[in-house]
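Enquirer: Numbering (this note's numbering), first residue to last: 21 to 312.
This is the structure I have questions about; it appears just below.
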């Protein structure tokens, strides 16, 4: 049986431990949870062990495929969700003077990930206005450093100056082809349909793949994710996009090839900002990127 007492005379349990436990429960993998939260694996393990000692119970069963929650672990997860939700509401109450959240994002992130994220965020915080900026990396780096942006979401390896990364997760990709393509071997004869931004990570990965295969290729450039999918569906070529974008797309075929490694989604905030101010926003991004 798990008993949780959040008081000065209780177990001294911290919200961070509950958030770490919830992330481990969500991913069912300690190393993946560590990567998502920006910690080393030993740090995650130590926090879980501390929780188990404080509660005098075993929360996780470790095995070669990851971890499985025990009955007490499942019970704690229910409590943790309630406690974290209450803490987030409390944080919002005392930070309600923040009336606008200014977000910088790459064009691809703004096109497919942010819309649903912002809808969920507005449900939780209807009084906060949201502003989106899709400038180039250098401009967003400058604006974040000057605190003209509150946070920046990217999916490329650019490291921001005067900033701290509060979240990272892998973004898995798939090759998409017209429906008539039945084999990955057919892609080398087709044009590649890519974003017209030279900094787009999917563009670089796809062109590099063709160059490694010594395949000549024709390029068709478009400016939105949807237009790329529509062009491929119409038989105009092949492309490379995140699996999350393609989950419900039935007009194209999808292929996974080992040569295509995942990109990384990062959330950056100013080095002097408080990560706690972005907890809810970060967790919404987590929830939208976990089913890949």
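Ideal Cβ positions, reconstructed from N, Cα and C, are used throughout, including at glycine.
1) Say whether the region 144 to 162 touches the region 247 to 262, bearing in mind that this needs 3 or more beta-carbon pairs closer than 8 angstroms, one atom from each stretch.
2) Just reading off the alpha helix (DSSP H) that residue 191 is part of, what are its end residues?
3) Between the region 153 to 164 and the region 122 to 134, do at least 3 Cβ pairs fall closer than 8 angstroms?
4) Taking the C-alpha atoms as reference points, what is the distance between residue 169 and residue 246?
5) Relative to the alpha-carbon of residue 267, which residue among 223, 57, 133 and 45 has its alpha-carbon at the smallest distance?
6) Using only CA atoms, which one of 200, 217 and 300 lies nearest to residue 210?
7) Compare the Cα-Cα distances from residue 240 to each of 172, 227 and 165 and report the closest residue.
8) Going straight from the alpha carbon of residue 45 to that of residue 97, what length do you get?
9) Does the beta-carbon distance from residue 309 to residue 177 come in below 9 angstroms?
10) Using alpha carbons as the reference points, say which of 52, 183, 230 and 300 lies closest to residue 160.
11) When you compare only the Cα positions, how much space is there between residue 187 and residue 281?
12) Based on the DSSP secondary-structure assignment, which residues constitute the bridge partners of residue 195?
13) Just the Cα atoms here: how many angstroms apart are residue 86 and residue 238?
14) Taking all protein chains shown into account, decide if residue 311 is buried (16 or more other Cβ within 10 angstroms of its Cβ) or exposed.
15) Between which two residues does the beta strand (DSSP E) harbouring residue 150 extend?
16) Is residue 230 near the ligand MG, judged by its Cβ being under 8 angstroms from some heavy atom?
17) Kindly say whether residue 276, judged by its beta-carbon, lies nearer than 9 angstroms to any beta-carbon of chain E.
18) Could you compute how far the alpha carbon of residue 295 sits from the alpha carbon of residue 289?
19) Which residue's Cα is closest to the Cα of residue 37: 67, 62 and 55?
20) Shortest alpha-carbon distance to residue 99 belongs to which of 39, 286, 253 and 225?
21) Buried or exposed for residue 172, please, with buried defined as at least 16 other CB atoms from any protein chain shown within 10 angstroms of its CB.
22) What are the start and end residues of the alpha helix (DSSP H) that includes residue 36?
Expert: Short version:
1) no
2) Careful: residue 191 lies outside any alpha helix (DSSP H), inside the beta strand (DSSP E) at 183 to 191.
3) yes
4) 27 angstroms
5) 133
6) 200
7) 227
8) 8 angstroms
9) no
10) 183
11) 19 angstroms
12) 260 and 275
13) 43 angstroms
14) For residue 311, the predicted model reports a pLDDT of 49, less than 50, meaning its position is unreliable and no value from the coordinates is stated.
15) 149 to 153
16) Of ligands this structure carries none, so the ligand MG is not represented either.
17) The chain inventory of the structure shown lacks chain E, comprising one protein chain alone.
18) 8 angstroms
19) 67
20) 39
21) buried
22) 35 to 47
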